[in-house]
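Sequence positions in the sequence shown follow my numbering and run -12 to 101.
Idealized CB from N, CA, C, for every residue including glycine.
For clarity, every value in this text was computed on a predicted model and none was experimentally measured.
Remarks on the structure that follows.
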Amino acid sequence: MHARLVGEFGGLPGLPRTELLQSSLGRPQQLLADGAPPPSLAQLAAAYGFALARNHCFSDGNKRIALAVIDVFLRINGSGLTATEEDAADTIRRLAAGELAEADLAAWIAANMG
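Here's what the structure looks like:
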């Protein structure tokens, strides 16, 4: 997915931090294991997006992959993002800049699912 996004939108290919990708992909499983009550679909999607945007696993395109994974995860689970492209891009930029917490992202996803 990352290679396709870099090919389409530009940027540097590469995964210099494999361990950070593994950690990012494991974040939703941590929520499922630790959560009582179980996390919502929006919270699980936010866990992926937050970890991917903030861990900087890839050489480039971390915000793009975070947003794409959120949307794909929601679609796999019968939903999807309904936010405008501009709103989604602004939200992911704010997330990557440290202006949004994971809970804020989950609330935004919940408000923009459909």
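Closest Cα partner of residue i within the set the options
i      : options                       : result
Ser10  : Leu28, Ala23 and Ala34        : Ala34
Arg62  : Leu28, His43, Ala94 and Asp74 : Leu28
Thr69  : Ile96, Arg14, Gln17 and Ala88 : Ile96
Ala53  : Leu19, Arg4, Ser66 and Ala75  : Ala75
Asn99  : His43, Ser66 and Arg81        : Ser66
His43  : Asp91, Asp58, Leu82 and Asn64 : Leu82
Val59  : Glu73, Leu31, Arg80 and Glu6  : Leu31
Ile113 : Glu6, Gly101 and Pro24        : The structure shown has nothing for residue 113, since the chain only spans -12 to 101.
Ala90  : Thr71, Leu18, Ala55 and Arg51 : Leu18
Arg51  : Arg80, Ala20, Asp21 and Pro25 : Arg80
Where the alpha helix (DSSP H) containing residue i begins and where it ends
i     : result
Ala94 : Glu89 to Ala98
Local conformation of residue i per DSSP, three classes
i     : result
Ala75 : helix
Ala83 : helix
Nonlocal neighbours in the same chain, by C-beta distance under 6 Å from residue i, ignoring five residues either side
i     : result
Ala88 : none
Arg14 : Ala34 and Ala38
Spatial neighbours of residue i in its chain, beta-carbon cut-off 8 Å, leaving aside the 5 residues before and after
i     : result
Ala94 : Ala29
Leu92 : Ala33, Gly36, Phe37, Thr78 and Leu82
Asn49 : Leu39, Ala40, Asn42, His43 and Ala83
Glu73 : none
Leu7  : Asn42, His43 and Cys44
7 Å CB neighbourhood of residue i in its chain, flanking five on each side removed
i     : result
Asn64 : Leu28
- Task: Could you pull out every unbroken alpha helix (DSSP H) segment of at least 4 residues lying fully inside the region -1 to 71, listed in chain order?
- Result: Counting only runs that start and end inside the region -1 to 71, the alpha helix (DSSP H) elements of at least 4 residues fall at 5 to 21, 28 to 42 and 49 to 63.
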